[in-house]
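Input: a single structure, listed below in structure tokens.
Right, here's the structure in full:
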């Protein structure tokens with residue numbers, strides 16, 4: 226009944242045309258704000274999925290690292306227990322260190338990552354090797370797979386018609402005897418096999434080679450490693466496996482999920498998304514002031530109607546619900562139009578890639594979009610909650626009106 230009154234008041238012609246104008250402007254502002262919120266959240270979802278897919282090519286599901294220092298000892302029994310873990314599909318042993326990579330006079334600092342033969346099964350770097358081929362060689366014949374930024378920095382030659390240049394790797398030695406600085410570094414030679422392209426952060430930083438070569442150059446013990454990178458079976462819960470491994474290995478080891486390996490990136494992305502959402506919510510707050518104005522003017526116009534309803538026995542709560550319903554009706558119309566517009570625009574962007582990214586330096590030339598049902602629910606609830614708050618004050622004023630018939 227109350228919404229019937231509200232709908233009639235909404236449709237009825239008002240004595241002052243300004244009331245109609247303000248009401249429709251309010252619905253329009255709500256529609257614009259909710260449309261923008263859904264669009265922004267959907268674009269952020271698209272970029273988040275894109276970044277996750279890029280980083281998942283380099284970061285594995287789980288990573289075991291030392292809790293303190295740069296290396297840890299992993300016994301044969303511990304390695305066997307990793308193989309027996311039901312949720313683990315595969316793992317790779319890692320030895321890594323910062324190194325100086327030289328190609329004749331050209332040189333650059335890199336993160337040298339020594340990996341075993343199983344690395345291409347747990348990580349996606351092999352699939353991202355787009356020049357040459359993914360090959361890390363052996364301890365006696367080490368090969369190098371570099372990021373595309375490293376290749377450009379020191380002009381690594383991968384032309385199959387020409388012999389590959391011998392590259393020099395200078396690494397720090399562990400437990401070097403004496404105080405001679407020259408005794409504390411090692412110099413090894415490798416040949417380039419391939420170049421990968423994932424994302425600038427990795428392309429400008431990492432090179433991969435054979436783990437036995439790195440351990441030999443740095444003087445690692447046979448059971449000493451820098452990390453273990455783990456790929457889980459489909460459907461496995463990373464947090465549960467992490468807890469299980471952490472309990473089994475003890476406090477000297479640190480087990481990290483993919484998100485914890487680059488926590489700052491994912492935290493920043495989430496903060497940016499919700500910061501933009503909060504800013505766009507302010508547009509709804511501005512619309513709320515318009516709604517207060519429209520409903521206040523409507524209350525003044527309907528003073529006689531309110532008195533008639535009160536004389537017929539309607540309590541204050543009934544009058545309050547009528548004008549609350551009027552405000553929520555405005556909110557529902559604006560929210561419905563806005564969400565529908567956003568859904569149509571997102572669908573067109575997904576199907577036809579209408580809005581392009583300018584500059585030509587990104588992996589995509591269009592804005593990625595991903596629709597998530599929870600975003601639609603959140604935006605709708607936010608808009609209706611603000612509409613409810615904005616309606617409360619004029620509705621309360623209407624319900625407090627003293628019965629007056631003349």
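Numbering (this note's numbering), first residue to last: 226 to 631.
Each residue gets a CB set at the ideal place from its N, CA and C atoms; glycine is no exception.
Just how far apart, CA to CA, sit residue i and residue j?
| i | j | result |
| --- | --- | --- |
| residue 531 | residue 521 | 13 angstroms |
| residue 360 | residue 414 | 15 angstroms |
| residue 283 | residue 309 | 24 angstroms |
| residue 269 | residue 540 | 48 angstroms |
| residue 493 | residue 327 | 35 angstroms |
| residue 599 | residue 621 | 32 angstroms |
| residue 316 | residue 458 | 11 angstroms |
| residue 387 | residue 259 | 60 angstroms |
| residue 290 | residue 453 | 7 angstroms |
| residue 377 | residue 417 | 13 angstroms |
| residue 551 | residue 543 | 13 angstroms |
| residue 606 | residue 486 | 34 angstroms |
| residue 262 | residue 601 | 9 angstroms |
| residue 519 | residue 533 | 22 angstroms |
| residue 375 | residue 271 | 29 angstroms |
| residue 447 | residue 471 | 23 angstroms |
| residue 499 | residue 618 | 29 angstroms |
Among the options, which has the Cα closest to the Cα of residue i?
| i | options | result |
| --- | --- | --- |
| residue 473 | 553, 306, 382, 525 | 306 |
| residue 455 | 567, 466, 499 | 466 |
| residue 563 | 342, 245, 246, 251 | 251 |
| residue 509 | 249, 245, 257 | 257 |
| residue 331 | 393, 506, 302 | 393 |
| residue 438 | 607, 294, 341 | 341 |
| residue 280 | 425, 464, 506, 369 | 425 |
| residue 634 | 576, 566, 496, 606 | Residue 634 cannot be examined here, being either before or after the span of the chain that is shown, 226 to 631. |
| residue 304 | 604, 449, 372 | 449 |
Inspect the beta-carbon positions of residue i and residue j and report whether they are closer than 8 angstroms.
| i | j | result |
| --- | --- | --- |
| residue 479 | residue 312 | no |
| residue 355 | residue 300 | no |
| residue 288 | residue 481 | yes |
| residue 264 | residue 570 | yes |
| residue 561 | residue 253 | no |
| residue 616 | residue 523 | no |
| residue 435 | residue 503 | no |
| residue 380 | residue 398 | no |
| residue 594 | residue 389 | no |
| residue 463 | residue 286 | yes |
| residue 419 | residue 347 | no |
| residue 298 | residue 451 | no |
So residue i packs on residue j, CB below 8 angstroms; how close in whole Å?
| i | j | result |
| --- | --- | --- |
| residue 320 | residue 395 | Wrong, their Cβ atoms sit about 16 angstroms apart, outside the cutoff. |
| residue 443 | residue 322 | 6 angstroms |
Touching by the beta-carbon criterion (3+ pairs, under 8 angstroms), the stretch 548-560 and the stretch 608-617: yes
Meets three-Cβ-pair contact criterion under 8 angstroms: the stretch 329-345 and the stretch 431-444: yes
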